Amino acid sequence: MSVTYIDAIREAQEKLLRDDPRVFLYGQDIAGFGGAFKATKGLADQFPNRVFDAPISEDAMIGMAVGAAIEGMRPIVEMQFADFSSVAFNQIINQAATHFYRTGIPIPITVRLPSGGTPGSGPFHSQSMEGIYAQYPGLVVLTPATVSDAYHMLLDGVALDDPVIYCEHKFLYRWLKAKSINGDHLPIGQARITRPGKHASVVTYSAMVHEAVRAAERLAQDGWEIEVVDLRSVKPLDLDTILASVARTGRLLAVGEAFPWGGVTAEVIARVTEEGFHLLDAPPQRLNARDTPVPYHPKLWAAHRPTPESICEALRKLLSF
Amino acid sequence: MSVTYIDAIREAQEKLLRDDPRVFLYGQDIAGFGGAFKATKGLADQFPNRVFDAPISEDAMIGMAVGAAIEGMRPIVEMQFADFSSVAFNQIINQAATHFYRTGIPIPITVRLPSGGTPGSGPFHSQSMEGIYAQYPGLVVLTPATVSDAYHMLLDGVALDDPVIYCEHKFLYRWLKAKSINGDHLPIGQARITRPGKHASVVTYSAMVHEAVRAAERLAQDGWEIEVVDLRSVKPLDLDTILASVARTGRLLAVGEAFPWGGVTAEVIARVTEEGFHLLDAPPQRLNARDTPVPYHPKLWAAHRPTPESICEALRKLLSF
Amino acid sequence: MLRARILENKLSSLYKAGKIVGGVYLGRGQEAVSASLGTSLIQGTDFFAPLIRDQAGRTAFGEPLIDCTRTYLGSVLGPMRGRDGNIHRGRPSMGMPAMISHLGAQVPVVAGMLFAKRLQGTLAGRVGATCIGDGATSTGAFHEGINLAAIEKLPLVVVVANNQFAYSTPNSRQFACVDLIEKARGYGIGGFSVDGTDLLASASVISEAVRRAREGGGPQMVVARLLRLSGHGEHDDGSYVTTDIRSGHYGRDCIEVAMRQLVENGFASVDEIIKWQEQIVEEVQRAVAQAQQEPVPDPYHEDWTALATRFPLSQPITPSNAQ
Amino acid sequence: MLRARILENKLSSLYKAGKIVGGVYLGRGQEAVSASLGTSLIQGTDFFAPLIRDQAGRTAFGEPLIDCTRTYLGSVLGPMRGRDGNIHRGRPSMGMPAMISHLGAQVPVVAGMLFAKRLQGTLAGRVGATCIGDGATSTGAFHEGINLAAIEKLPLVVVVANNQFAYSTPNSRQFACVDLIEKARGYGIGGFSVDGTDLLASASVISEAVRRAREGGGPQMVVARLLRLSGHGEHDDGSYVTTDIRSGHYGRDCIEVAMRQLVENGFASVDEIIKWQEQIVEEVQRAVAQAQQEPVPDPYHEDWTALATRFPLSQPITPSNAQ
Ligand SMILES: Cc1ncc(C[n+]2csc(CCOP(=O)(O)OP(=O)(O)O)c2C)c(N)n1
Ligand SMILES: Cc1ncc(C[n+]2csc(CCOP(=O)(O)OP(=O)(O)O)c2C)c(N)n1
Ligand SMILES: [Mg+2]
Ligand SMILES: [Mg+2]
């Protein structure tokens, strides 16, 4: 038997509803219908009056979750797609994110963002917003790349007292399978060495971890040992693990699926060069999506995001310094 | 006679209304009242039916401006404070920013964001959002630091065919004065060497240019010659000028007033280390605001943002490598 | 509307055969309303912001079939050139904006197009229209957009197709008023209700709303009651729609109703309708065949820039058509 | 309300003397409405999300004077510890959320507080209330929040203080309906109108709205017509308010009306009122004096973190009060 990434998300929510009476789910079409991606399938039946269909009012959905959190609940809000959180932006960054600092009352809400590109989804159903939310003080931003992380990080995220932006990658939903949901369980804020190596470090997260591993496998055929670091959470960022990896390899490539200006890859490189400049044997490199909206046609989409090929190319350049 | 930064913004709008029939102004309290900061004072009288009071509907204000731009107009939309653009976020990043790529029809709107901190303004009237908007393909993000730039960059920004996020710094409004509005006029996308130097480069923008110059003046007393680079536009970013400066000095400090995760300073450092690693004689450093909402009390506020003191301290550290 | 139905049936079977790029969202059951709006508008004068269930309105407004098939079949010659898809397609320069997915967001855009015409002195006789679902009335964008249009007294027509569900979510989880039309008064705009499964009724009510807007009556809202006769998209079987609802009055097929109305009122004979059908089937086949043999987008020929301006600029630019 | 007026007069003169940290936004002219709401609520049971002109409601709800003076005068002992200011202050754990500036944003928050109580089985007999201006009715947040509360049939009371202006913008540029109360029907909620300069009328209408919500009648909207008797903030002279409007019915001072009502109805004598006034002046002086001698925030003692969690975590955490 195998579990998929989306199974893990569903299982985590089931466990949370079972174990913690403060948890409830709120989102469009998540009750009877089980959600656009079926991440809440069956939960409304199992937990009557704990799973609610929301109106198409993302801003109010978050505002309402904040209010419920003030009164002691732990809401999990599903955005139908990460892209639609743009209309909830204000409540997320100004209400939820500032509340603890301003008042001392924590806001333990979890916002599930079905993120990232899939072929044929286009500019408004493909966005990766982790680098936007991570800019804001007061938010924790999680980007699980494995089935077990999808499970444990949702459990851990809901247990945190802070508002959590949980970026789940749609491409991984059904494509990514594991034998068990119970893999290696690291605390939030700690990165993982997904694949050890010694010639260069690829620091990445979410779906790009798998593309990076593929690239590493290809380069292994030429004798290169590429280390792949999975950030797991982009805020907080585990600089220690990144620096330790760069110390081993001397070379850094940061890979992300988001737009190329700023974002996670820039933050990784700025932090590493500030604190670990002497560890670097070559200029640190970045690989992101292109600087256009995510295109609709699969042929364009495939050329818009980093791929094993483009990661290999970037690594070869990095290794040639 | 002297002109202030806000005078320049007003003058630019007057000139635009006079010279270009496609320009109109839309914003809360900008007609008879002349705007919360008086940036449109008198313009409604001078240009009847070209300056309109908007309802408290930032999302619709931008949507409406996009529609007007499709039909050939060049709207300038004033947000009462940059912070309120969070409720117009969707129309800015998804409607305006993607339109040209998707349809080939440009959206020449200019969104004026009264940005940055002032004492006693607090978490929701102090934000610097340039690093958020710059992440999005399809937007041009301007951050004028001088009276003349405030003037010319608003004129030039409105002349661009792309949506422009014009970040005007509230602290500079009345504090910053110049003899003439007509200073050195550089094209958009080009940075300026505000103060030449040879020992280290401070790359910054907006109000922080002035704090950096103050820091440079202090260090000059100890014989250090600090170069200050004013980015002027954060997207596009003028990497050539930055690299040329770093080539001269070998040392880089990026300073910004925004939150410390990601943003302009991370992008500057990531770009410089990627393309100009060999130019660096020391680890590039960053100085941003602290990772909390902008605090209300002036004593906390002054310690939240970079100051001449903290810039000096960061520079001394940089110079000591 | 017949054209739309036949075209969409074709798209549905192409989808099932795995030939479509992206998703397929149909307007089945909503053609009478959508077509009524499309035919009330004048291409070249009016603006029309179609939404996901407006194939019939698009066709009636004058969108060529080939724009549709090119987009669904991934031809690079389509209006969106592979950059955006299917239901998002538009031709803003021809008065038909290209929607973004975020519901409600097109309302202020159409308002802005009209506002521009007022400033340019060419608003008279023009209207702008958009359709929207029951679910989208819950968005802040809808509220702000209509309110703004009402303040500016713009000739905006918003047709709310209340198909009783937003994806799987029933009206009872979407709003609490008795009928959505009660919102019109709260905005200070005109309001009309109509049975959206009835073509003649829809055509007369919607054209009346369009007329009022055109004549300076300010924004108008039409709420049409009907039922989506397909899933939310073709990936969805719509099993949450109970048999009760399906077999109720609004479960009837507006196309069948329309045919009957056409025949009964002597607008067309059954033979004529069958002939139209055959013609349309052929046109659709042709448009599909043509799009299928056209090139798909090529990443190497993409310019990969989202900006109209080509940076770096060597000197400050001056506006191109300032006077 | 008398307390609020005297307090705010004091704040205004402190502002003019340069003693206040940040801006000063007064509720002058709106005290009757705000106080009526505050007194209809039960602290410890109900929720109240005050907005910028709700000093009277805050006081009536039970906020101690010292919370106010500490915030305005920059004492670190205030509820916001210098991190946020003046009108934003709140004590969420005591049922009074701390507003963010973005208008309309508190509506869904109060709805969520009530929603939590329903899930916890302790909603019965409770209400949540918030005030809002005419201008804020144009926000998407207001629309989405009220609609959500209406769907969930939550005991939410929204009092719209229509003071005819949003900053300088008159109603005519803010909405097009004849009266804002017409929006209530469009949301399917209860609606009440009242003359907000009349304390007795306001108290009776607002307490009735609160009662209906408390008894399960779902959300209630009260629109109070009045005029702000000060500038938008103390930096603003409000010169855009014409003398016509100022000298009209709503230009009358609700405090004077209230005093007259109290005396005429035998609730209090003129002497008693004068005595109250003296008492309050003294209380205010004391609260000001106390706050003025308290320490201001010290950046070196700030922990400078916006997170409740202290990272790094050495091991996965388990929820603290899960059962
Ligand atoms: C702001 C926003 N939230 C969520 C979605 C996802 N979504 C797409 S269509 C849809 C249902 C729309 O329902 P309705 O407005 O009634 O239109 P219908 O599909 O019934 O025609 C949803 C929730 C969206 N497009 N935009
Ligand atoms: C979303 C948003 N846009 C703009 C502002 C700036 N602003 C603060 S108060 C105000 C006017 C509010 O008017 P109204 O709602 O009528 O309340 P009043 O001040 O009249 O009591 C504005 C525009 C804001 N706070 N929030
Ligand atoms: Mg619907
Ligand atoms: Mg008002």
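The listed protein sequences derive, respectively, from chains A, B, C and D. Take 760 as the starting number for the first sequence in the working numbering and just add one per residue. Take 760 as the starting number for the second sequence in the working numbering and just add one per residue. Take -10 as the starting number for the third sequence in the working numbering and just add one per residue. Take -10 as the starting number for the fourth sequence in the working numbering and just add one per residue. Just so you know, even glycine gets a beta-carbon here, dropped at the ideal spot from N, CA and C. Source: prediction; values computed, not measured.
Give me, in chain order, the residues of the same chain whose beta-carbon lies closer than 7 Å to that of Asp818 of chain A; leave out the 5 immediate sequence neighbours on both sides. For Asp818 of chain A, where only same-chain residues beyond five positions count, the Cβ hits under 7 Å are Val846, Ala847, Asn849 and Gln850.
Could you tell me which residues DSSP puts in a beta bridge with Leu898 of chain B? Beta bridge pairing from DSSP links Leu898 of chain B with no other residue.
Looking at the structure shown, is Glu770 of chain A part of a helix, part of a strand, or coil, going by DSSP? Three-state DSSP puts Glu770 of chain A in a helix.
Please report the residue range of the beta strand (DSSP E) in which Asp812 of chain B lies. Residue range Val810 to Asp812 is occupied by the beta strand (DSSP E) that includes Asp812 of chain B.
May I ask you to list, following chain order, the residues of the stretch 908 to 921 of chain B that have a beta carbon less than 9 Å from some beta carbon of chain C? Flagged, chain order: His911, Leu914, Asp915, Val917, Ala918, Leu919, Asp920 and Asp921.
Any residue with its Cβ nearer than 7 Å to a heavy atom of ligand 3 should be included. What is that list in chain order? The answer, residue by residue, is C:Gly122, C:Asp123, C:Gly124, C:Ala150, C:Asn151, C:Asn152, C:Gln153, C:Phe154, C:Ala155 and C:Arg217.
Determine the chain C residues that contact Gln850 of chain B at a beta-carbon separation under 7 Å, and present them in chain order. Those are Ala94, listed as they occur along chain C.
Please report how far the alpha carbon of Ser127 of chain C lies from the alpha carbon of Trp934 of chain B, in whole angstroms. If you take the alpha carbons of Ser127 of chain C and Trp934 of chain B, they lie about 44 Å apart.
From the DSSP secondary-structure annotation, give me the bridge partner or partners of Gln268 of chain D. Residue pairing from DSSP leaves Gln268 of chain D without any beta-bridge partner.
Since His132 of chain C meets chain F, which of its residues come closer than 7 Å, beta carbon to beta carbon? In the structure shown, chain F cannot be found, because the protein chains are A, B, C and D.
Note down, in chain order, each residue of its chain lying with its Cβ closer than 7 Å to the Cβ of Gly206 of chain C, except the 5 sequence neighbours on either side. Closer than 7 Å at Cβ, skipping near neighbours: Gly179.
Let me see if you follow: with CB-CB separation under 8 Å, is Asn941 of chain A close to chain D or not? No, Asn941 of chain A lies away from the interface with chain D (no Cβ there is under 8 Å from its Cβ).
Neighbourhood of Ile940 of chain B by C-beta, 8 Å cutoff - its chain only, sequence neighbours within 5 removed: Counting only Cβ-Cβ distances below 8 Å, and skipping sequence neighbours, we find Val762, Asp766, Ala767, Glu770, Val906, Ser907 and Tyr910.
Which listed residue (B:Gln980, B:Pro1065 and B:Tyr895) has its alpha carbon closest to that of Ala966 of chain B: Selected option, being the one with the closest Cα: B:Pro1065.
Could you spell out the range, first to last residue, of the beta strand (DSSP E) harbouring Met210 of chain D? DSSP places Met210 of chain D in the uninterrupted beta strand (DSSP E) bounded by Gln209 to Arg214.
Got a sec: which bits of the stretch 12 to 31 of chain C sit with their beta carbon under 7 Å from any beta carbon on chain B, in order along the chain? Answer in chain order: no residues at all.
Is the CB-CB distance between Phe36 of chain D and Gly122 of chain D below 8 Å? Against a cut-off of 8 Å, the Cβ pair of Gly122 of chain D and Phe36 of chain D comes out as no contact.
If we count the other Cβ atoms within 10 Å of its Cβ and call it buried at 16 or more, is Asn136 of chain C buried or exposed? When all chains shown are included, Asn136 of chain C counts as buried.
Give the residues from the stretch 137 to 161 of chain D that approach chain B closer than 8 Å (Cβ to any Cβ), ordered along the chain. Hits within the stretch, in order: Ala155, Tyr156, Ser157 and Thr158.
Might you give, ordered along the chain, the residues of its own chain that have their beta carbon closer than 8 Å to the beta carbon of Thr34 of chain D, omitting 5 neighbours on each side? So the list reads Gly84, Gly114 and Arg115, once near-sequence residues are dropped.
What are the boundary residues of the alpha helix (DSSP H) that includes Gly1022 of chain B? Membership of Gly1022 of chain B in the alpha helix (DSSP H) is indicated by the continuous run Gly1022 to Gly1035.
Whose C-alpha, out of A:Glu1033, A:Arg781 and A:Asp999, is nearest the C-alpha of Lys106 of chain D? Nearest C-alpha to Lys106 of chain D among A:Glu1033, A:Arg781 and A:Asp999: A:Arg781.
Give the secondary structure of His238 of chain C by DSSP, where H, G and I count as helix, E and B as strand, and everything else as coil. The answer is helix: DSSP assigns His238 of chain C an H, G or I state.
Inter-residue spacing [alpha-carbon to alpha-carbon] between Leu998 of chain A and Ile947 of chain A: Rounded to whole angstroms, Leu998 of chain A to Ile947 of chain A spans 13 Å at the Cα level.
Contained beta strand (DSSP E) runs [length at least 3] in the stretch 973 to 1007 of chain B, N- to C-terminal order: Whole beta strand (DSSP E) segments, 3+ residues: 985 to 989 and 992 to 994.
Evaluate contact between the stretch 975 to 991 of chain A and the stretch 783 to 803 of chain A, counting only Cβ atoms and requiring at least three cross-stretch pairs below 8 Å. Counting Cβ pairs under 8 Å, fewer than three are found: no touch.
Kindly say whether Gly890 of chain A, judged by its beta-carbon, lies nearer than 8 Å to any beta-carbon of chain B. Interface residue, yes.
Three or more C-beta pairs below 8 Å linking the stretch 823 to 842 of chain B and the stretch 953 to 967 of chain B: Contact between the stretch 823 to 842 of chain B and the stretch 953 to 967 of chain B is absent, because fewer than three Cβ pairs lie under 8 Å.
Could you check if His91 of chain C belongs to the surroundings of ligand 1, using beta carbon to heavy atom distance under 7 Å? Look at His91 of chain C: its beta carbon is less than 7 Å from one of the heavy atoms in ligand 1.
Val116 of chain D versus chain C: which residues are under 8 Å apart at the beta carbon? Correct list: empty, because the minimum Cβ distance to chain C is about 17 Å.
Please report how far the alpha carbon of Ile985 of chain B lies from the alpha carbon of Ala1003 of chain B, in whole angstroms. Ile985 of chain B and Ala1003 of chain B: Cα-Cα distance of roughly 14 Å.
Which value, in whole angstroms, describes the spacing of the CA atoms of Ile815 of chain B and Ile244 of chain C? The straight-line gap from Cα to Cα measures roughly 43 Å.
Taking the beta strand (DSSP E) that Val99 of chain C falls in, what are its first and last residues? Per DSSP, Val99 of chain C belongs to no beta strand (DSSP E); it is in the alpha helix (DSSP H), Gln95 to Leu108.
Starting from Ala150 of chain C, trace the beta strand (DSSP E) in both directions and tell me its first and last residue. Taken as a continuous stretch (DSSP letters only), the beta strand (DSSP E) holding Ala150 of chain C covers Leu145 to Asn151.
What first and last residue would you give for the alpha helix (DSSP H) that runs through Leu1077 of chain A? Residues Pro1067 to Leu1078.
Closer than 8 Å to chain A by CB, Lys994 of chain B: At least one chain A Cβ lies under 8 Å of Lys994 of chain B.
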